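First residue of the sequence shown? That's 1 in our numbering, and the numbers climb one at a time after it. No residue lacks a Cβ here, since even glycine has one placed at the ideal position from N, Cα and C. For clarity, every value in this text was computed on a predicted model and none was experimentally measured.
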Amino acid sequence: MSRLLYSATMSLDGYIAGPGGDMSWLTEHFGPNPVVDTLISTIGSLLVGRRSFGGDDPHRGTPQEGEPFGGGWSGPQFVLTHHAPDTPVPGITFVTDLDSAVSAAKAAAGDKYVNVIGANVAQQCLDAGVLDEILVFVAPVLLGDGVRLFDRPGGANIKLETLTQTNAPHATGIWLRVVK
Numbered sequence: 001m002s003r004l005l006y007s008a009t010m011s012l013d014g015y016i017a018g019p020g021g022d023m024s025w026l027t028e029h030f031g032p033n034p035v036v037d038t039l040i041s042t043i044g045s046l047l048v049g050r051r052s053f054g055g056d057d058p059h060r061g062t063p064q065e066g067e068p069f070g071g072g073w074s075g076p077q078f079v080l081t082h083h084a085p086d087t088p089v090p091g092i093t094f095v096t097d098l099d100s101a102v103s104a105a106k107a108a109a110g111d112k113y114v115n116v117i118g119a120n121v122a123q124q125c126l127d128a129g130v131l132d133e134i135l136v137f138v139a140p141v142l143l144g145d146g147v148r149l150f151d152r153p154g155g156a157n158i159k160l161e162t163l164t165q166t167n168a169p170h171a172t173g174i175w176l177r178v179v180k
């Protein structure tokens, strides 16, 4: 049975993107990371938020632009949106509601992970009780503003259990399970 995993790299002050969704800050924190290398082989599908799908790309201007994990992964992608484009995008399925998106992504993933990309869709999954795990890499930088990993003003306390912690040259990884 597939599980939903939200994975992201964030700044020490909790931002996954800078102001306006700018991801360019992330490029200097790319580098060898055995956890990411292993993770990629365990992903069966992606569940992507619309802003992430159409947003800034840390690989902009390179051959890896627009490719999941910089071209390190390929497979079925499901974009959660209220406004699907008029022209189909090869390899991308646009879904209008969370339940349908999660079901389709899980079916496509088989026994592998559905990797959630995007703070808003991850928050929706958490609120719906369908997010199983979180893998966050903390990069040694303070962005000061932007898109938070999770933004829940007035939200309830969500209990997490640490599964593993790792150190890589460019970021420290924390893998957590959402306690349900």
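Between D145 and V178, is the Cβ-Cβ spacing less than 7 angstroms?
Not in contact: D145 and V178 (Cβ atoms no closer than 7 angstroms).
According to DSSP, is L149 part of a helix, a strand, or is it coil?
Assigned with DSSP and collapsed to three states, L149 falls in coil, not helix or strand.
How far does the alpha helix (DSSP H) with S74 in it extend, from its first residue to its last?
For S74, there is no enclosing alpha helix (DSSP H), since its DSSP letter is neither H nor E.
Round the Cβ separation of A171 and V138 to the nearest angstrom and send it over; I've been treating them as touching at under 8 angstroms.
With 8 angstroms as the limit, A171 and V138 qualify as a contact, their Cβ atoms being about 6 angstroms apart.
Assign R3 to one of three DSSP states: helix, strand, or coil.
Three-state result, R3: coil.
Going straight from the alpha carbon of F150 to that of T87, what length do you get?
Each residue's Cα considered, the two are about 32 angstroms apart.
Closer than 8 angstroms is the cut-off here; do at least three beta carbon pairs connect the segment 94-113 with the segment 46-53?
They touch, by the three-pair rule.
Coarse secondary structure for L12, derived from DSSP in three states:
In this structure, L12 counts as coil in the three-state DSSP scheme.
For the candidate residues Y6, G14, G31, whose alpha-carbon lies nearest to that of P169?
Residue G31 is the option with its Cα nearest to P169.
CB-CB under 7 angstroms to R147, same chain, minus the five flanking residues each way: which ones, in chain order?
Sequence check: residue 147 is Val here, not Arg. Counting only Cβ-Cβ distances below 7 angstroms, and skipping sequence neighbours, we find Y15, I16, A17, G21, A119.
Chain-order list of residues whose beta-carbon lies under 7 angstroms from that of S2 (same chain, five-residue window excluded)
G44, K106, A109, G110, D111, K112, Y113, V114, listed in sequence order.
Cutting at 6 angstroms between CB atoms, please list the residues of its own chain near G173, excluding the five before and the five after it.
Closer than 6 angstroms at Cβ, skipping near neighbours: V35, F137, T166.
S41: buried (16+ other C-beta within 10 angstroms of its C-beta) or exposed?
Answer is exposed; the Cβ neighbour count stays below 16.
For G173, list the residues DSSP reports as bridge partners.
F137, T166, per the DSSP bridge assignment.
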